[in-house]
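Asks:
Number of protein chains: 2
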Amino acid sequence: MANAERVFAALNDPTRRAVLERLRDGPRPVGEIARGLPVTRPAVSQHLKVLKEAGLVDDRSEGTRRIYHIDPKGLGAMRAWLDQFWNSALTAFAAEVERSSKKEDK
Amino acid sequence: MANAERVFAALNDPTRRAVLERLRDGPRPVGEIARGLPVTRPAVSQHLKVLKEAGLVDDRSEGTRRIYHIDPKGLGAMRAWLDQFWNSALTAFAAEVERSSKKEDK
DNA sequence: CTCATTGGTAAGTGAGTACTAACGGTAAGT
DNA sequence: ACTTACCGTTAGTACTCACTTACCAATGAG
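For the record, the sequence lines run as chains A and B.
Residues in the first sequence are numbered from 461 upward in steps of one, following this note's numbering.
Residues in the second sequence are numbered from 461 upward in steps of one, following this note's numbering.
1. Please say whether Ala514 (chain A) and Gly536 (chain A) have beta carbons closer to each other than 8 Å?
2. Can you tell which of B:Asp473, B:Phe553 and B:Tyr528 has its C-alpha closest to the C-alpha of Glu492 (chain B)?
3. At which residues does the alpha helix (DSSP H) containing Arg484 (chain A) begin and terminate?
4. Asp485 (chain B) and Ala552 (chain A): beta carbons closer than 8 Å?
5. To the nearest angstrom, how far is it from the Cα of Glu481 (chain A) to the Cα of Ala549 (chain B)?
6. Could you work out which residue in A:Leu471, A:Trp546 and A:Arg501 is closest to Asp531 (chain B) when comparing CA atoms only?
7. What first and last residue would you give for the beta strand (DSSP E) that runs through Arg501 (chain B)?
8. If we ignore side chains and look at the alpha-carbon of each, how far apart do Arg501 (chain B) and Asn472 (chain A) end up?
9. So if I threshold CB-CB distances at 9 Å, which residues from the stretch 477 to 489 of chain B count as touching chain A?
10. Are the C-beta of Arg495 (chain B) and some C-beta of chain A separated by less than 8 Å?
11. Any idea what DSSP makes of Thr475 (chain B), helix, strand or coil?
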């Protein structure tokens, strides 16, 4: 679904971010992702499930192996939320600075 | 300190995001933030503490009231992390498309 | 067919955390 | 001085979640 709620929850975990970092260089099977990480392979499978439901990764079957790769959809939802919030926050912040500077002119 | 780690953890909670939404329109005291939220005022105080440590909000004293406002610093750290990841992910994605299309030329 | 490889799933456990209730501390009003 | 309003902090509790250990299904090699 790639809604912001799931993306936030998915990106909160350090291990899941490490998984994404490893997929940044290209698609990899589950075993290769798990190798080098301080957790077991089943744990990685569970993390991949969460990342997939968040729209951050997708997978394809290749024989007995499942190749995972990054899905730009989830990151797009995240950027959209952040950009919208960023803009409105900055305008509100600027408006506040304006108001407080006008208070000096009495 | 506004490192990405704390920002992720802070933004994960729905109540804290609701607090930020309320501060988006401008600075507010704690009581006014808590009013309308489905949690008690002390809970809001704890959330504000987390948001402040993440660099997402800041506060000033005004008599007996503490006025909280959004601090662009934390959102900046978030955007930096996301933009960096976004760029490298897209280039890796493009490189992969390149590779898979070359495999067709045998 | 047999066996090894790969990976998703279920159950159980431990740690982190969001919440409420109670308290203390400070500033303004009477 | 007394009271009221506003807010942060502490202690305790309930719940979520990341992890491991077992187990099972599917594919490929011999």
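Note that the Cβ used here is the ideal one computed from N, Cα and C, for glycine as well.
Model, not experiment: these values are computed from the prediction.
Replies: If we stick to the structure as given:
1. no
2. B:Tyr528
3. No alpha helix (DSSP H) contains Arg484 (chain A), which DSSP labels as neither H nor E.
4. yes
5. 9 Å
6. A:Trp546
7. Taken as a continuous stretch (DSSP letters only), Arg501 (chain B) belongs to no beta strand (DSSP E), being part of the alpha helix (DSSP H) at Arg501 to Glu513.
8. So the two alpha carbons sit approximately 25 Å from each other.
9. Arg477, Leu480, Glu481, Leu483, Arg484, Asp485, Gly486 and Pro487
10. no
11. helix
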